[in-house]
Amino acid sequence: MIALVEDRIGRMDQFIDFEIKSIPNIHVITESELSDLKVDLDKEITNKLESFSCLIFHRSAVTIFQREIIKTYCTKNKIPLVFFSGGISSSFYNDSAFPYLHINSRNLYSINLKMFCDNSSQYNNTNLLILQYGLRWKTNQLLLINENLNLRLQLKTIKRIKDLNIPKNQISDFNLDWLDKNEFSEINEEQILQFKIALENLIYESI
């Protein structure tokens with residue numbers, strides 16, 4: 006079950022063009038239920054979050070302290086977390102500690118949200134990149150990896166696996182055994198070339 010925490014239901018109704026109540030694996034937390042959750046978070050109690058496999062919060066619906074409690078909970082339990090806001094101009098995704106996404110409210114309340122929930126239900130898998138990019142999430146993410154690779158090749162700053170900037174959910178796609186090593190493991194020029202070729206093939210296959 007996915008938790009969607011929203012204190013501005015009118016804004017959600019304005020942006021969304023499908024019936025969110027028809028999605029069986031999403032639960033909207035608002036009004037009195039949200040107030041109860043915030044009381045618990047102020048006491049550092051996270052029991053109300055334990056039944057959810059993914060947490061999506063309107064950023065300003067909770068205080069800075071409450072956000073830190075939520076992030077600590079997600080870090081400890083590896084729970085995917087999304088903060089959305091009208092003030093976020095561009096999306097940001099990171100999965101180094103746990104899957105974590107910042108996204109604009111209008112982008113969240115798009116058809117991508119329905120696709121995200123459908124994918125989560127069908128495959129029992131929470132892929133935040135679908136919220137960010139939709140069904141073409143893989144192509145977009147591969148292009149970002151390629152952009153990072155080309156920039157770092159020019160600057161000659163690729164020293165470790167971590168420098169390749171690969172989301173954890175895509176490492177296995179490259180079919181390179183050495184990518185499974187510790188992210189701080191050093192890599193050589195031959196491995197960088199192997200990665201570049203594998204990346205180009207994946208981009209071609211995804212288009």
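Going left to right, the sequence shown walks through residues 6 to 212 as this note's numbering numbers them.
Each residue gets a CB set at the ideal place from its N, CA and C atoms; glycine is no exception.
8 Å CB neighbourhood of residue i in its chain, flanking five on each side removed
i, result
"residue 48", "none"
"residue 203", "179, 180, 181"
"residue 190", "165, 166, 183"
"residue 95", "109"
Per DSSP, cross-strand counterpart(s) of residue i
i, result
"residue 59", "7"
"residue 86", "60, 105"
"residue 165", "191"
"residue 99", "105"
Nearest residue (CA-CA) to residue i, options the options
i, options, result
"residue 105", "202, 84, 205", "84"
"residue 36", "30, 13, 20", "13"
"residue 93", "120, 118, 70, 65", "65"
"residue 172", "147, 25, 198", "147"
"residue 68", "6, 39, 79, 25", "39"
"residue 164", "211, 195, 152", "195"
"residue 121", "159, 137, 108", "137"
"residue 50", "201, 58, 57, 71", "71"
"residue 174", "201, 27, 103, 168", "103"
"residue 61", "80, 87, 114, 81", "87"
"residue 23", "114, 99, 11", "114"
"residue 63", "112, 125, 52", "112"
Endpoints, beta strand (DSSP E) assigned at residue i
i, result
"residue 34", "31 to 34"
Sequence-distant residues of its chain with Cβ nearer than 7 Å to residue i (five each side left out)
i, result
"residue 110", "16, 20, 89, 90, 91"
"residue 186", "166"
"residue 170", "150, 153"
Limits of the unbroken alpha helix (DSSP H) element including residue i
i, result
"residue 142", "142 to 160"
"residue 123", "116 to 128"
"residue 16", "14 to 20"
"residue 177", "That residue, residue 177, is in no alpha helix (DSSP H); it is neither H nor E in DSSP."
"residue 112", "110 to 113"
Other residues of its chain near residue i: CB distance less than 6 Å, five sequence neighbours each side excluded
i, result
"residue 31", "7, 9, 122"
"residue 55", "none"
"residue 59", "7, 85, 131"
Next item on the list: May I ask you to verify whether the region 203 to 210 touches the region 130 to 150, counting CB pairs closer than 8 Å and requiring at least 3?
Entry: yes
Next item on the list: Would you check if there are 3 or more beta carbon pairs closer than 8 Å linking the region 38 to 55 to the region 69 to 80?
Entry: yes
Check: Are the region 184 to 201 and the region 124 to 137 touching, with three or more C-beta to C-beta distances below 8 Å?
Finding: No, they do not touch.
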